[in-house]
Every structure is written in structure tokens, then in C-alpha cells.
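Peer 1: In the numbering used here, the protein residues as written are 82 to 418. Ideal Cβ placement from N, Cα and C applies to all residues, glycine included.
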Amino acid sequence: MPLNSYKQTGFTLIELMISLALGLIIMAAAIMLFVTGQKSSALQQGFANIQDDANFGLGYIAQDIRHTNLNSLNSGINDRTIQGGIVLTSSANGFKDTTVTPNITYSNLPENLIGTTVATNLLSRGATGLSNVRGESSDQLVIQYRPQYTRVGSNWVGGFDCEGEEIKFPVMTGGVETPLRIIVQRYFLREDTNKDSKEPNTALALACDAGWYSESGTPLPDKIESFGNDGEVIMKRIDYFHVMLGIQNGEKLRYISINDYMALSAPRPRILSVQLGALVRSVQGVGNEPMIKDDQEFQVLDKKVTVKVPTNTTSKYVRQVVSQTVALRNTFGERGQ
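Here it is as C-alpha cells:
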């Protein structure tokens with residue numbers, strides 16, 4: 082059979098180039114879908130992280146703070162109310178009445194409590210703590226309450242404090258009835274040691290430090306037990322923490338900062354509620370997302386704050402402001418007035 086009777090078939094150069102071009106387009110589209118999916122997944126993970134931390138964390142704190150002023154003898158509380166729910170004063174900075182002998186100090190903590198555990202740095206204070214925003218320091222909130230105790234066998238049991246420790250102690254000590262305990266809890270920002278080296282700025286967390294003192298006894302207690310340490314982390318990655326006090330303003334209610342409240346003329350108005358505001362960020366980065374600016378602005382209660390530009394990462398992080406208003410127990414009535 083002659084050689085020219087066989088037909089040879091195949092791709093022409095133009096067909097081959099078109100096929101390669103189409104393949105490259107399909108591969109590029111697949112890569113774009115993959116990258117977009119990764120970015121979307123990272124963003125969703127970041128928002129989910131914030132929702133978990135913010136909603137559950139702040140909800141837990143709000144539930145805990147509702148113990149404030151529990152079983153108090155006074156409904157109208159301010160900076161001079163003994164065992165008042167919001168701890169603003171102690172023997173270190175309370176009002177000292179020098180017109181009587183011996184002098185009497187009016188403060189939220191009993192005047193027999195002295196020393197480092199009642200120093201002003203461990204009381205409710207404004208603009209003194211760590212933060213990751215420009216020109217604004219975080220606040221610190223300290224509360225106290227007497228739990229609703231139940232006798233279980235030979236012990237008093239009053240639930241758990243904010244560090245997760247059971248409030249439990251003997252009814253009798255050495256044949257004498259044990260005085261009941263007042264629980265003191267401090268909410269503040271501190272650096273979290275459990276962190277990633279690539280996180281932006283300082284890895285701050287909202288922690289709670291719990292302690293207690295006996296409300297009576299011989300001799301009277303002179304310090305708050307187990308108070309003034311690093312506490313337990315409640316909410317991770319808080320860039321800024323702000324507290325406002327709801328005070329009685331005639332027939333109305335208004336909110337002011339802790340420092341503004343302490344700057345008012347004495348006698349200061351009664352405190353009815355507190356507002357908590359926190360700027361929460363995700364624990365994990367979401368990549369170099371162009372929509373997220375390094376110097377974002379946020380409104381946290383009455384403060385407009387700007388995030389510090391990250392110093393040690395190129396990854397972006399999702400942030401969100403969460404807030405909660407908590408009415409204090411036994412403060413709206415006239416009992417004890």
C-alpha cells in the first residue's frame with residue numbers, strides 16, 4: 082500500500098495554544114476560588130471567635146456582676162457606703178471624719194482593712210490599666226457582695242467566685258461560730274502569657290481576681306485574703322476595657338466615668354447601675370485583608386478610641402465593640418435610707 086494512502090491527524094499549533102490558554106484560565110479561576118474561600122473561612126473564624134469570646138465572656142461577667150451589693154444593708158450606695166457594692170474607697174482613700182474622737186473613716190471597705198490589699202491600685206479606678214488603643218488606658222472595676230449562704234453539713238456554701246473557686250468554709254471554728262465572708266472581685270486587663278508570638282501589640286485579656294474578708298470577728302480582719310494577684314482570664318484579647326457608673330441625677334439616670342464620679346463634690350450621688358464596654362479582637366489573624374485598617378476607630382460607650390498600629394505582624398485582626406448594662410441589686414429602693 083502506498084505511503085501516501087495513510088492519513089495523519091492531531092492538534093495544530095493554534096489549537097494547542099488555545100487549549101493551553103483555556104487550561105490556564107480554568108486553573109486561575111480555581112486558584113482564585115481557593116484563595117477567596119480561604120479568606121472567607123479566616124474571616125468567618127475570626128468573627129466566630131469574637132462572638133464566642135464577646136457574647137459568652139461578657140455575658141458571664143454581667144451575670145457575675147449582678148451579685149454586686151447582694152445582701153447589702155443599704156440601698157443607697159456611693160463611695161462612703163460601708164460594704165457598698167462598687168468598691169471605690171478603703172482606709173487608704175476614704176473620707177476621714179476628724180470631728181469625732183477617735184476619727185472615723187467612711188469608705189466602701191471597712192476601715193479595719195489596711196495595707197497592700199486595700200491600696201488604691203486595687204480599687205475601682207478609671208484610665209489606669211493596660212490597653213491597645215491610642216491615648217486611653219483601660220479601667221478597673223472592683224465589686225463586693227455577701228453570698229446567699231446555705232448550710233451543707235458542717236460548712237457554709239455560697240456558690241463560686243469569679244476565679245471558679247467554691248465559696249465554702251466551716252460553720253464553726255474552735256467551738257465558735259465562723260463569721261460570714263464578704264467576697265471581693267476585681268476585673269482588669271493584664272497580659273496573657275498564653276499567646277502567639279505573631280499577635281499584634283500586647284496580648285491583653287480581661288481577668289478577674291477574687292478575694293474575701295470576714296465581716297466580723299475578734300480580732301477584726303486587717304486584710305483581704307487571696308487578693309491582689311493575676312486572677313483568672315475570663316475573656317481573651319481585649320484591646321480596651323471601659324466602665325461607666327449609672328448615678329441618680331435628680332429624677333433621672335445618667336452615666337459618667339469612674340474618674341468623673343470621684344471628681345464630683347461630696348456627698349456624691351448614689352450609684353444605681355454600671356455599664357461595661359470592651360473592644361474585643363479575634364485571637365487568630367485573618368490574613369492581609371485590605372478592608373481592615375491598622376488604625377481602626379471604635380466607639381466604646383462614651384469614648385472614641387483608635388487602635389494602635391500593630392508593631393510585630395502583617396496579619397489583620399477582626400475587632401468588635403461589645404457592651405452590657407447591669408442594674409445593681411438593692412439600689413433602686415429606699416431600704417436602709
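Could you give the DSSP three-state label for G417: helix, strand or coil?
Peer 2: Sequence index remark: in the sequence shown, residue 417 carries index 336 (1-based). Confidence at G417 is low in this model, with a pLDDT of 40, below 50, so its placement is unreliable and no value can be given for it.
Peer 1: Is the region 320 to 333 in contact with the region 300 to 308, if contact means three or more CB pairs nearer than 8 angstroms?
Peer 2: Too few Cβ pairs lie closer than 8 angstroms, so no.
Peer 1: Three-state secondary structure (DSSP) at I263?
Peer 2: To locate residue 263, count along the sequence shown from 1; it is residue 182. The answer is strand: DSSP assigns I263 an E or B state.
Peer 1: Hey, would you say A347 sits closer than 8 angstroms to F176, going by beta carbons?
Peer 2: Reading the sequence shown from its first residue, position 266 is the one you call residue 347. Reading the sequence shown from its first residue, position 95 is the one you call residue 176. The answer is yes: Cβ separation under 8 angstroms.
Peer 1: Please classify A109 as buried or exposed, where buried requires at least 16 neighbouring CB atoms within 10 angstroms.
Peer 2: To locate residue 109, count along the sequence shown from 1; it is residue 28. That one is exposed.
Peer 1: How about Y321 and V367: are their beta carbons less than 8 angstroms apart?
Peer 2: For this step, residue 321 is matched to residue 240 along the sequence shown. For this step, residue 367 is matched to residue 286 along the sequence shown. Result no, Cβ atoms of Y321 and V367 do not sit closer than 8 angstroms.
Peer 1: Assign Q380 to buried or exposed, taking buried as 16 or more other Cβ atoms, counted over all protein chains shown, within 10 Å of its Cβ.
Peer 2: Residue 380 sits at position 299 when you count from the first residue of the sequence shown. Classification for Q380: exposed.
Peer 1: What beta strand (DSSP E) runs, 3 residues minimum, are completely inside the region 198 to 231?
Peer 2: Correct list: 206 to 210 and 219 to 226.
Peer 1: How should R271 be labelled, buried or exposed, when 16 other C-beta atoms within 10 angstroms of its C-beta is the threshold for buried?
Peer 2: Position 190 of the sequence shown, counted from the start, is the residue given in the question as residue 271. Flag for R271 reads buried.
Peer 1: Mind checking who L326 pairs with in its DSSP beta bridge?
Peer 2: Position 245 of the sequence shown, counted from the first residue, corresponds to residue 326. Answer is I337 and V355.
Peer 1: For Y187, report the span of its beta strand (DSSP E) as first-last.
Peer 2: Translated into the one-based positions of the sequence shown, residue 187 becomes position 106. Element bounds for Y187: I185 to Y187.
Peer 1: One question on the structure: do A286 and D311 come within less than 8 angstroms of each other, judged by their Cβ atoms?
Peer 2: Locating residue 286 in the sequence shown gives position 205, counting from the first residue. Locating residue 311 in the sequence shown gives position 230, counting from the first residue. No.
Peer 1: Between L151 and R227, how many whole angstroms is the CB-CB distance? I'm expecting something under 8 angstroms.
Peer 2: Indexing the sequence shown from 1 puts residue 151 at position 70. Indexing the sequence shown from 1 puts residue 227 at position 146. Confirmed, about 6 angstroms.
Peer 1: Where G210 and S295 are concerned, what is the direct C-alpha to C-alpha distance, given to the nearest angstrom?
Peer 2: On the sequence shown, position 129 is the one that residue 210 refers to. On the sequence shown, position 214 is the one that residue 295 refers to. Distance between the alpha carbons of G210 and S295 is about 29 angstroms.
Peer 1: Looking at C-alpha atoms only, which residue of T283, K249 and F308 is the closest neighbour of Q266?
Peer 2: Translated into positions along the sequence shown, residue 266 becomes position 185. Nearest C-alpha to Q266: F308.
Peer 1: With H, G and I counted as helix, E and B as strand and the rest as coil, what does DSSP make of V407?
Peer 2: One-based indexing of the sequence shown puts residue 407 at position 326. Correct three-state label for V407: strand.
Peer 1: Alpha carbon to alpha carbon, how far is A200 from S235? Give it in angstroms, no decimals.
Peer 2: Here residue 235 corresponds to residue number 154 of the sequence shown, with the count starting at 1. Here residue 200 corresponds to residue number 119 of the sequence shown, with the count starting at 1. Taking the straight line from one Cα to the other gives about 35 angstroms.
Peer 1: Determine which residues share a DSSP beta bridge with G331 and list them.
Peer 2: Within the sequence shown, the letter at position 250 stands for residue 331. The partner list for G331 (beta bridge, DSSP) is empty, contrary to what the question assumes.
Peer 1: State the CB to CB distance for the pair Q225 and F269, rounded to an integer number of angstroms; the pair is presumed to be in contact (CB under 8 angstroms).
Peer 2: Walking along the sequence shown from the start, residue 225 turns up at place 144. Walking along the sequence shown from the start, residue 269 turns up at place 188. Incorrect: roughly 15 angstroms between the Cβ atoms, too far for contact.
Peer 1: What's the C-alpha gap between S338 and T254?
Peer 2: To locate residue 338, count along the sequence shown from 1; it is residue 257. To locate residue 254, count along the sequence shown from 1; it is residue 173. If you take the alpha carbons of S338 and T254, they lie about 43 angstroms apart.
Peer 1: In the DSSP assignment, what are the bridge partners of Q401?
Peer 2: The sequence position of residue 401 within the sequence shown is 320, counting from 1. BP columns for Q401 point to V361.
Peer 1: Quick check on L382: does DSSP put it in helix, strand or coil?
Peer 2: In the sequence shown, residue 382 corresponds to position 301, counting from 1. Coil at L382, not helix or strand.
Peer 1: Whose C-beta lies closer than 6 angstroms to the C-beta of P336 among residues of the same chain, with five residues either side of it excluded?
Peer 2: Counting from 1 along the sequence shown, the entry for residue 336 is found at position 255. Looking at the sequence provided, one finds Tyr at residue 336 rather than Pro. Cβ within range, chain order: M325, G327 and Q356.
Peer 1: Short of 8 angstroms in beta carbon distance, which residues of its chain neighbour G245, apart from the five on each side in sequence? Order them along the chain.
Peer 2: Numbered from its first residue, the sequence shown carries residue 245 at position 164. The answer, listed in chain order, is E313.
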